[in-house]
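Protein chains: 2
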Amino acid sequence: MTHEGWLKEAIKLATTSVMNNQGGPFGAIVVKNGQIVGQGNNQVTSTSDPTAHAEVVAIRNACANIGSHQLTGCTIYSSCEPCPMCLGAIYWSRPDKVYFAATRLEAAASGFDDALIYNEIEKPPEKRIIPFHHIGLAESKQPFDVWGSNTGRIDY
Amino acid sequence: MTHEGWLKEAIKLATTSVMNNQGGPFGAIVVKNGQIVGQGNNQVTSTSDPTAHAEVVAIRNACANIGSHQLTGCTIYSSCEPCPMCLGAIYWSRPDKVYFAATRLEAAASGFDDALIYNEIEKPPEKRIIPFHHIGLAESKQPFDVWGSNTGRIDY
């Protein structure tokens with residue numbers, strides 16, 4: 116299967132997602148060694164879960180199937196350019212690469228906030244539309260100290 | 116309860132997360148009208164889910180409790196500055212505001228990639244450490260067209 120072929124499969128998932136009223140028009144597939152190891156479509160409104168974007172659902176599905184929190188050796192095919200949440204999920208799951216069909220601007224033209232969020236990230240936290248306030252506390256570093264001294268910890 | 120008080124509760128969740136070997140040193144709480152409506156701690160390694168960061172777990176928990184994919188009127192308290200994935204999840208769930216204790220630089224000092232991912236976002240997609248390749252197809256816009264003509268769609 117070519118990259119274009121896998122992308123067409125992701126686009127089919129995106130279209131089916133809308134036709135089944137599961138959520139937004141997005142689909143994603145995780146491929147390893149020429150085989151699908153995970154897939155997902157947007158399920159935000161049908162599951163009341165704002166994090167249930169296609170890529171997140173596909174990554175969680177692939178990790179459950181593989182039994183690992185890492186997608187080493189995998190390629191993710193998405194019907195649309197990943198939003199910042201999904202970009203972050205991709206970095207934390209560490210696949211080899213990503214291919215996408217539609218762009219963030221095409222998503223924005225259909226009413227999705229991807230481009231807005233990309234712009235918000237670069238603002239000072241307290242100046243964002245949703246303000247992020249930093250309050251440093253004496254206890255702030257305590258969890259990291261406990262983590263550092265936990266010899267049984269599993270890094271990720 | 117003061118903002119500092121809620122942050123201390125989130126920090127307690129972060130420390131407990133490590134001591135129980137559930138995952139990384141992070142905790143988050145969702146508060147509405149002075150009451151906790153959702154909470155979470157990092158569970159990446161214990162659930163093999165790279166998206167199970169404290170904020171994502173707390174948002175999913177709050178949305179399940181409230182029965183909505185939106186956190187209007189809520190405040191999120193996190194033991195640490197949200198990573199880009201969690202920032203995206205926050206924007207999609209639309210709480211009123213966010214308070215955090217430790218910063219992304221303090222997280223990076225303990226080996227967490229938050230700051231790296233913030234830097235990666237601003238790069239051209241194909242130049243990232245994990246390359247994001249755009250392949251425009253004739254079918255790219257089809258899911259958005261189906262979405263636009265679906266009068267029964269639920270916007271989010």
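Chains as they are written, first to last, in our numbering: chain V, 116 to 271; chain L, 116 to 271. Where is the CB? At the ideal position from N, CA and C, for every residue including glycine. All of these numbers come straight from a predicted model, not from anything done at the bench.
**Prompt:** Can you list the residues of chain V that GLU124 (chain L) reaches, using a CB-CB cut of under 8 Å?
**Reply:** Near GLU124 (chain L) there are no residues of chain V at all, since even the closest Cβ is about 11 Å away, more than 8 Å.
**Asked** Do we get a CB-CB distance below 8 Å when we pair THR187 (chain V) with the residues of chain L?
**Response** Chain L contact via Cβ: absent.
**Asked** Using DSSP with H/G/I as helix, E/B as strand and the rest coil, what is ILE244 (chain V)?
**Response** The three-state secondary structure of ILE244 (chain V), taken from DSSP, is coil.
**Message:** Among the candidates V:GLU237, V:THR160, V:ASN135 and V:MET116, whose CA atom is the shortest distance from the CA of ILE151 (chain V)?
**Reply:** With distances taken between Cα atoms, ILE151 (chain V) lies closest to V:MET116.
**Prompt:** Could you give the uninterrupted runs of the alpha helix (DSSP H) lying entirely in the stretch 122 to 201 of chain L, keeping only those of 4 residues or more?
**Reply:** For the stretch 122 to 201 of chain L, whole alpha helix (DSSP H) runs of length 4 or above, ordered along the chain, are 159 to 162 and 169 to 181.
**Asked** Cα-Cα, which of L:PRO258, L:CYS178, L:THR266 and L:ILE269 is closest to ALA129 (chain V)?
**Response** Relative to ALA129 (chain V), the option among L:PRO258, L:CYS178, L:THR266 and L:ILE269 whose CA is nearest is L:PRO258.
**Request:** Sort V:PHE141, V:GLY263, V:ARG175 and V:SER194 by Cα distance to ILE250 (chain L) and report the nearest one.
**Result:** Just measuring C-alpha positions, the residue of V:PHE141, V:GLY263, V:ARG175 and V:SER194 sitting nearest ILE250 (chain L) is V:SER194.
**Message:** With distance defined between alpha-carbon atoms, name the residue in V:ILE174, V:ILE244 and V:PRO140 nearest to VAL159 (chain V).
**Reply:** Checking every option, the nearest Cα to that of VAL159 (chain V) belongs to V:PRO140.
**Asked** Interface residues of chain V around THR218 (chain L) at Cβ under 9 Å?
**Response** The contacting residues are HIS249, GLY251 and SER255.
**Chain-ordered residues of the stretch 131 to 161 of chain L with a beta carbon less than 8 Å from chain V** = Hits within the stretch, in order: SER132, VAL133, MET134, ASN136, GLY138, GLY139, PRO140, PHE141, GLY142, VAL159 and THR160.
**Sequence-distant residues of its chain with Cβ nearer than 8 Å to SER132 (chain L) (five each side left out)** = Within the same chain, SER132 (chain L) has close Cβ partners GLY138, GLY139, PRO140, PHE141, GLY142, ASN156, ASN157, GLN158 and ALA169.
**Request:** Count the other CB atoms, across all protein chains shown, that sit within 10 Å of the CB of PRO210 (chain V); report buried if there are 16 or more and exposed otherwise.
**Result:** Looking at its Cβ environment, which holds 16 or more other Cβ atoms inside 10 Å, PRO210 (chain V) is buried.
**alpha helix (DSSP H) segment containing ALA230 (chain L), residue limits** = From DSSP, the alpha helix (DSSP H) with ALA230 (chain L) extends over 229 to 236.
**Message:** Taking 8 Å as the threshold (C-beta atoms), are ILE174 (chain L) and GLY166 (chain V) in contact?
**Reply:** Reading off the sequence shown, one finds Thr at residue 166 (chain V), where the question assumed Gly. Yes, the Cβ-Cβ distance between THR166 (chain V) and ILE174 (chain L) is below 8 Å.
**Prompt:** Roughly how many angstroms lie between the CA atoms of GLU221 (chain V) and SER255 (chain L), to the nearest whole one?
**Reply:** For GLU221 (chain V) and SER255 (chain L), the distance between alpha carbons rounds to 9 Å.
**Request:** Closer than 6 Å by C-beta to LEU252 (chain V): which residues in its own chain qualify, once you throw out the five before and the five after it? Chain order, please.
**Result:** Result list for LEU252 (chain V): empty, nothing under 6 Å.
**Request:** Report the neighbours of GLY263 (chain L) on chain V: residues whose CB is nearer than 8 Å to its CB, in chain order.
**Result:** Those are SER225, listed as they occur along chain V.
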